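Trainee: Under this note's numbering, think of the first position of the sequence shown as 23, with each following residue one higher. Structure below; questions to follow.
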Amino acid sequence: MSDLCCEQQKLLINLRKKKQNLLYEIQQIKDELCEVAAEMESLDFSQEDLRFSNKEKQMQLGRKKFNMDPKKGIEYLVINNLLKMNAKDIALFLYKGEGLNKTAIGDYLGEKNEFNEQVLKSFVELHDFTNLILVQHFDNFCGLFDYPVKEKPSVDQFISMNRGINNGGDLSRGLLESLYESIRTEPFKIPQDDGNDLMHTFFNPDKEGWLWKQGGRYKSWKRRWFILNDNCLYYFEYTTDKEPRGIIPLENISVYII
């Protein structure tokens, strides 16, 4: 340093200052890059969490649609890739029964078409009936859903219904009469739905009141009773109605003030 002239010393000092400034700016850029990377990771997590949240909301809405109309509920879940349109997948969904009304499950399994019968068969195969007597089989099985029975069969009808169930052969009339009498005197006790009924959804709504709604096919306006709950609008014709006329999901809805 002492060997340098005055001008050279000033130049060296300036160069050192610039170096320090550059090092400081480089460190600032590194810190900013770290912050940006952390924000991007947080954003990726939030988006994944949001997708999961939306999927859960869709599943919840699908269950509600199923309880109102089983066929439409299944269609909604399939369209939104929450269920596969095959008997085993749908049977497992019904077997788990989370948030599902037993009457709706019974209505779906009782539909007289080939696909629903395949679902019923898969539904039965999910049960373990080992080490249970025959009446217990039915009792446990029927406790999972409410199968629609319009008329109770007579003993002769019951025997006729159970022909060929013993590996193609018939059970003895005495055994079938004993089974019939056991069922008649100790009817299956199907548990009440544990809070899955739609009425529980409407018991404590976020908002409720009268609104005017425009029809879909006919563009006329009608006054309807609306209930807001779980990001869904349910509308009824009258406040005393037990089931809504329809559901309007409020997912990804934007509101503009005109």
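Beta carbons are placed, not taken as given, at the ideal position from N, Cα and C, and that holds for glycine. Please read all numbers here as calculations on a predicted model, not as lab measurements.
Evaluate the contact criterion for the segment 89 to 98 versus the segment 49 to 58: three or more CB pairs, one atom per stretch, below 8 angstroms.
Mentor: no
Trainee: For the beta strand (DSSP E) that contains ILE270, what are its first and last residues?
Mentor: Residues 268 to 271.
Trainee: To the nearest angstrom, how far is the alpha carbon of ASN28 from that of ASN36?
Mentor: The question names Asn, yet the displayed sequence has Cys at residue 28. Roughly 12 angstroms separates the two Cα atoms.
Trainee: For LYS235, write down the residues that DSSP places opposite it in a beta bridge.
Mentor: LYS244
Trainee: Apart from the five residues just before and just after LEU166, which ones in its own chain have a Cβ nearer than 6 angstroms to its Cβ?
Mentor: Only weak support is given to the placement of LEU166: the predicted model assigns it a pLDDT of 44, under 50, and the value that follows is read from those uncertain coordinates. In the same chain as LEU166, and ignoring 5 residues on each side of it, no C-beta atom comes closer than 6 angstroms to its own.
Trainee: Give me the Cα-Cα distance between GLU146 and GLY231, rounded to the nearest whole angstrom.
Mentor: According to the sequence provided, residue 146 is Val. The question's Glu does not apply to it. If you take the alpha carbons of VAL146 and GLY231, they lie about 44 angstroms apart.
Trainee: Quick one: give me the first and last residue of the alpha helix (DSSP H) that TYR117 is part of.
Mentor: Taken as a continuous stretch (DSSP letters only), the alpha helix (DSSP H) holding TYR117 covers 109 to 118.
Trainee: Given a cut-off of 8 angstroms, decide if PHE115 and LEU131 are closer than it, judged by their beta-carbon atoms.
Mentor: no
Trainee: Can you tell which of ILE269, TYR117 and ASN251 has the C-alpha that lies nearest to the C-alpha of TYR257?
Mentor: ILE269
Trainee: Buried or exposed for LYS124, please, with buried defined as at least 16 other CB atoms from any protein chain shown within 10 angstroms of its CB.
Mentor: Under the 10 Å beta carbon count, LYS124 is surrounded by 16 or more other beta carbons and is classified as buried.
Trainee: DSSP state of LEU255, grouped into three classes?
Mentor: strand
Trainee: Spatial neighbours of ARG239 within its chain, please: C-beta separation below 8 angstroms, excluding the five flanking residues on both sides.
Mentor: The beta carbon of ARG239 sits closer than 8 angstroms to no other beta carbon from its chain once the five residues preceding and following it are set aside.
Trainee: According to DSSP, is LYS143 helix, strand or coil?
Mentor: helix
Trainee: Taking LYS235 as the reference, which of PRO227, GLU259 and ASP228 has the closest Cα?
Mentor: GLU259
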